[in-house]
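Visitor:
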Ligand code: PHB
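Numbering (the numbering used here), first residue to last: 1 to 403.
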């Protein structure tokens, strides 16, 4: 675990001159209250994200997105400067509670932005519910976070794990793909993505002939690919993301399956992975709440600015981070920076309507986006949008009772 106190907004010179001023003030008996107040008055924003491992690039994209949204509006929250704190959660669920507690108790963050991995989010969820700290989830789709374990202080700007895959069934059946094998990493994200897939695909008339899984974050797919070849389904559907997703698509192609059995996925499969997967990703179909090629001024402006600022192409994770930044700005503005005014803060965030690069979305009662899900196809290293697979899809929020 690494904690980096990041004071980027201050130049080194400014830090040194402030330090010198404080020493000078102390020795001359002056208190410089305005400096002391300015420091204490900062909003402390903690990133608890994966910066190492198979989800490392996801964490980076999310942080970039958050910073970009806030920088675009002057770099402050409700008029207050920001102190950023970063913690690498390594996508390790075993350290979820410990890491979140550290940010809340030792670093005393006002806002915890995290995380990517559903299992780690369960740790954050516990700490958020017990401490009351404001938590914005910029990715992890674990259902419970906005169902049975929902909380007034927890908001998600991404999806529930079953949302993207719910929309896969119809486009597959439209192509006459009646028998499918499902393959995934075996943990909450994959299992809950399967719930969505199963519901949508079987309702559309499809049959799931086999469920296959590997432990997260293993990438030894060979035995399972051999099994798929012998099962000869009409199609394969899957959940993988990050580095492991690129490896899966490459192995799928190398096993000779790519041209025989069409590959479908929850769209994370092809997010941020297209360079690494190369030709192996071409033609892969998926459903997700974002697509690179969405032809709107909002998306185009976002993509241009992100590429300029970070020298890389944005993906769905960057968009979810950007929207976490937008949501936080909106809340902080509503209470003029007084984040202790929780009733007003949560009211503003809970009734948010976000103008996102993905398209407009609104916050559900259980604090999860109600959003369009797109059908996409990889063409020339781009997630080309083919249409809307589900319009303004909401998660059920089943069992959510806000305290
Ligand atoms: C999750 O663990 O919830 C998760 C991780 C990566 C994704 C999507 C969901 O791309």
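Each residue gets a CB set at the ideal place from its N, CA and C atoms; glycine is no exception.
(1) Sorry if obvious, but does the Cβ on residue 118 come closer than 7 angstroms to a heavy atom of the ligand PHB?
(2) Start and end of the alpha helix (DSSP H) containing residue 194?
(3) Report, in whole angstroms, the separation of the C-beta atoms of residue 364 and residue 370, which I expect to be a contact under 8 angstroms.
(4) Using alpha carbons as the reference points, say which of 378, 141, 110 and 191 lies closest to residue 292.
(5) Looking at C-alpha atoms only, which residue of 197, 101, 50 and 394 is the closest neighbour of residue 317?
(6) Look up residue 371 in the DSSP assignment and give the residues it is bridged to.
(7) Going by DSSP in three states, residue 406 sits in which element: helix, strand or coil?
(8) Decide if residue 41 is buried, meaning its Cβ has at least 16 other Cβ atoms within 10 Å, or exposed.
(9) How big is the Cα-Cα spacing for residue 247 and residue 277?
(10) Helix or strand or just coil, what does DSSP make of residue 299?
(11) Assess contact between the stretch 316 to 334 and the stretch 60 to 73, defined as three or more Cβ pairs (one per stretch) separated by less than 8 angstroms. Is contact present?
(12) If you count every other CB in all the chains shown that lies within 10 Å of the CB of residue 353, and 16 or more means buried, which is it?
(13) Just to check, is the beta-carbon of residue 123 closer than 7 angstroms to a non-hydrogen atom of the ligand PHB?
(14) The ligand PHB and residue 87: does the residue's C-beta get closer than 7 angstroms to at least one heavy atom of that ligand?
(15) Between residue 118 and residue 189, how many whole angstroms is the CB-CB distance? I'm expecting something under 8 angstroms.
(16) Smallest Cα separation from residue 98: which of 124, 134, 252 and 115?
(17) Taking only runs that begin and end inside the stretch 84 to 166, name each unbroken beta strand (DSSP E) of 3 or more residues, in chain order.
(18) Does the ligand PHB have a heavy atom nearer than 7 angstroms to the CB of residue 368?
(19) Would DSSP call residue 230 helix, strand or coil?
(20) Taking just the CA atoms, how far does residue 162 sit from residue 44?
(21) Does the distance from the C-beta atom of residue 351 to that of residue 150 stay below 8 angstroms?
(22) Applying the criterion that 16 or more other CB atoms from any shown protein chain within 10 Å of the CB defines a buried residue, is residue 206 buried or exposed?
(23) Is the beta carbon of residue 374 within less than 7 angstroms of some heavy atom of the ligand PHB?
(24) Do the stretch 72 to 91 and the stretch 144 to 159 meet, that is, are 3 or more Cβ pairs less than 8 angstroms apart?
(25) What's the C-alpha gap between residue 168 and residue 256?
(26) Check whether the Cβ of residue 327 lies closer than 7 angstroms to any heavy atom of the ligand PHB, and answer yes or no.
(27) Taking all protein chains shown into account, do 16 or more other C-beta atoms lie within 10 angstroms of the C-beta of residue 153, making it buried, or fewer, making it exposed?
(28) Report all residues from its chain with a CB closer than 7 angstroms to the CB of residue 57; omit the five preceding and five following residues, and keep chain order.
(29) By Cβ distance, which residues of its chain are closer than 7 angstroms to residue 26, with the 5 residues on each side in sequence left out?
(30) Quick one: does the C-beta of residue 206 sit closer than 7 angstroms to a heavy atom of the ligand PHB?
(31) Run the CB neighbour count on residue 295, radius 10 Å, all protein chains shown included, and call it buried at 16 or more, exposed below.
(32) Are the stretch 386 to 403 and the stretch 177 to 188 touching by the rule of at least three beta carbon pairs closer than 8 angstroms?
Guide: On the basis of the supplied data:
(1) Within the chain shown, numbered from 1, the residue matching residue 118 stands at position 118. Correct: residue 118 has its Cβ closer than 7 angstroms to the ligand PHB.
(2) Translated into positions along the chain shown, residue 194 becomes position 194. 188 to 203 is the extent of the alpha helix (DSSP H) around residue 194.
(3) Position 364 of the chain shown, counting from 1, holds the residue named residue 364. Position 370 of the chain shown, counting from 1, holds the residue named residue 370. Between residue 370 and residue 364 the Cβ distance is about 5 angstroms, and since that is below 8 angstroms, they are a contact.
(4) As a working mapping, residue 292 is identified with position 292 in the chain shown. It is 378.
(5) The sequence position of residue 317 within the chain shown is 317, counting from 1. In terms of CA proximity to residue 317, 50 leads the group 197, 101, 50 and 394.
(6) Locating residue 371 in the chain shown gives position 371, where the first residue counts as 1. Answer by DSSP bridge pairing, in chain order: 393.
(7) Lying outside 1 to 403, the shown extent of the chain, residue 406 is not represented and no answer is given.
(8) Position 41 of the chain shown, counting from 1, holds the residue named residue 41. Around the C-beta of residue 41, fewer than 16 other C-beta atoms lie within 10 Å, and the residue is accordingly described as exposed.
(9) Translated into the one-based positions of the chain shown, residue 247 becomes position 247. Translated into the one-based positions of the chain shown, residue 277 becomes position 277. As the crow flies, the alpha-carbon of residue 247 is around 7 angstroms from that of residue 277.
(10) Stepping through the chain shown from its first residue, residue 299 is reached at position 299. In the three-state reduction of the DSSP assignment, residue 299 falls in the helix class.
(11) Under the 8 angstroms Cβ criterion, the stretch 316 to 334 counts as touching the stretch 60 to 73, having at least three qualifying pairs.
(12) The count along the chain shown starts at 1 and reaches residue 353 at position 353. Its Cβ having fewer than 16 others within 10 Å, residue 353 is exposed.
(13) In the chain shown, the residue the question calls residue 123 occupies position 123. Not so, every heavy atom of the ligand PHB lies at least 7 angstroms from the Cβ.
(14) Numbered from 1 along the chain shown, position 87 holds the residue referred to as residue 87. With a threshold of 7 angstroms, the Cβ atom of residue 87 does not count as near the ligand PHB, since no heavy atom of the ligand is closer than that.
(15) Stepping through the chain shown from its first residue, residue 118 is reached at position 118. Stepping through the chain shown from its first residue, residue 189 is reached at position 189. With 8 angstroms as the limit, residue 118 and residue 189 qualify as a contact, their Cβ atoms being about 5 angstroms apart.
(16) Along the chain shown, read from residue 1 onward, the residue named residue 98 stands at position 98. Out of 124, 134, 252 and 115, 124 has the C-alpha closest to the C-alpha of residue 98.
(17) For secondary structure counted as the beta strand (DSSP E) over 3 or more consecutive residues, the stretch 84 to 166 holds these complete runs in sequence order: 111 to 113, 134 to 137 and 154 to 156.
(18) As a working mapping, residue 368 is identified with position 368 in the chain shown. Within 7 angstroms of the C-beta of residue 368 there is not a single heavy atom belonging to the ligand PHB.
(19) Position 230 of the chain shown, counting from 1, holds the residue named residue 230. When secondary structure is reduced to three states using DSSP, residue 230 falls in the helix class.
(20) Mapped onto the chain shown, residue 44 falls at position 44. Mapped onto the chain shown, residue 162 falls at position 162. Taking the straight line joining both Cα atoms gives about 32 angstroms.
(21) Your numbering for residue 351 matches position 351 in the chain shown. Your numbering for residue 150 matches position 150 in the chain shown. The Cβ atoms of residue 351 and residue 150 lie no closer than 8 angstroms to each other.
(22) Position 206 of the chain shown, counting from 1, holds the residue named residue 206. Classification of residue 206: buried, given that the 10 Å Cβ count is 16 or more.
(23) Counting from one through the chain shown, the residue named residue 374 turns up at place 374. Taking 7 angstroms as the cut-off, the C-beta of residue 374 does not count as close to any heavy atom of the ligand PHB.
(24) Under the 8 angstroms Cβ criterion, the stretch 72 to 91 does not count as touching the stretch 144 to 159, having fewer than three qualifying pairs.
(25) For the purposes of this step, residue 168 is identified with residue 168 of the chain shown, where counting begins at 1. For the purposes of this step, residue 256 is identified with residue 256 of the chain shown, where counting begins at 1. The straight-line gap separating the alpha-carbon atoms of residue 168 and residue 256 is approximately 23 angstroms.
(26) Sequence index remark: in the chain shown, residue 327 carries index 327 (1-based). Outside the cutoff, so no.
(27) Locating residue 153 in the chain shown gives position 153, where the first residue counts as 1. Its Cβ being crowded by 16 or more others within 10 Å, residue 153 is buried.
(28) Locating residue 57 in the chain shown gives position 57, where the first residue counts as 1. Excluding its 5 nearest sequence neighbours in each direction, residue 57 has C-beta neighbours in its own chain below 7 angstroms: 242 and 272, listed in chain order.
(29) The sequence position of residue 26 within the chain shown is 26, counting from 1. Residue placement at residue 26 is flagged as unreliable, the pLDDT there being 37, under the threshold of 50; the coordinate-derived value follows with that caveat. Result list for residue 26: empty, nothing under 7 angstroms.
(30) One-based indexing of the chain shown puts residue 206 at position 206. If you check the C-beta of residue 206 against the ligand PHB, you find no heavy atom less than 7 angstroms away.
(31) To locate residue 295, count along the chain shown from 1; it is residue 295. Under this definition residue 295 is an exposed residue.
(32) At 8 angstroms Cβ cutoff, the stretches do not touch.
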